[in-house]
Amino acid sequence: MPPEMALLELDFDEAVRRVIKAPKKLPKGDNSARNLRGTIHSGDCIKVMLTLSAESFRVIVTSPPYNLKNSTGNGMKDGRGGKWANAALIEGFDNHEDVMPHDEYVRWQRDCHN
Numbered sequence: 848m849p850p851e852m853a854l855l856e857l858d859f860d861e862a863v864r865r866v867i868k869a870p871k872k873l874p875k876g877d878n879s880a881r882n883l884r885g886t887i888h889s890g891d892c893i894k895v896m897l898t899l900s901a902e903s904f905r906v907i908v909t910s911p912p913y914n915l916k917n918s919t920g921n922g923m924k925d926g927r928g929g930k931w932a933n934a935a936l937i938e939g940f941d942n943h944e945d946v947m948p949h950d951e952y953v954r955w956q957r958d959c960h961n
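If you want this note's numbering, it's the 1-based position in the sequence shown plus 847.
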């Protein structure tokens, strides 16, 4: 595995706690997920997903918000603020290291979804 990717073997409780900052223990009496195991992959999503077979996972969790200045409806573009009204990127991407031209961003998103 390339060094920029990390693989963690965690039991369900610890995986949930790390991903959503949940409490250390599930509520008493909730044993429905205690025997499940999962793997958290950390790295470039395209590179990691290319190493996985389609049958090996049910869900991929990523970290929003995405492309805020390009949103519509109740998003940033209409000036009402939307769900991410205080987001650091509300003024755009010019001072952010993750600047990507729109056409390249669209291609990258399509790669992620395929």
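By construction, the Cβ of each residue, glycine as well, lies at the ideal position given by its N, Cα and C atoms. Quick caveat, the model's predicted, so the values are computed rather than measured.
Out of the options, which one is the CA nearest neighbour of residue i?
i    : options          : result
S903 : T886, C892, D891 : T886
Reducing DSSP to helix, strand and coil, say where residue i ends up.
i    : result
L899 : coil
I893 : helix
Do you know how far the Cα of residue j is from the Cα of residue i?
i    : j    : result
H949 : S889 : 25 Å
I893 : C959 : 6 Å
M896 : Y952 : 18 Å
D858 : R954 : 35 Å
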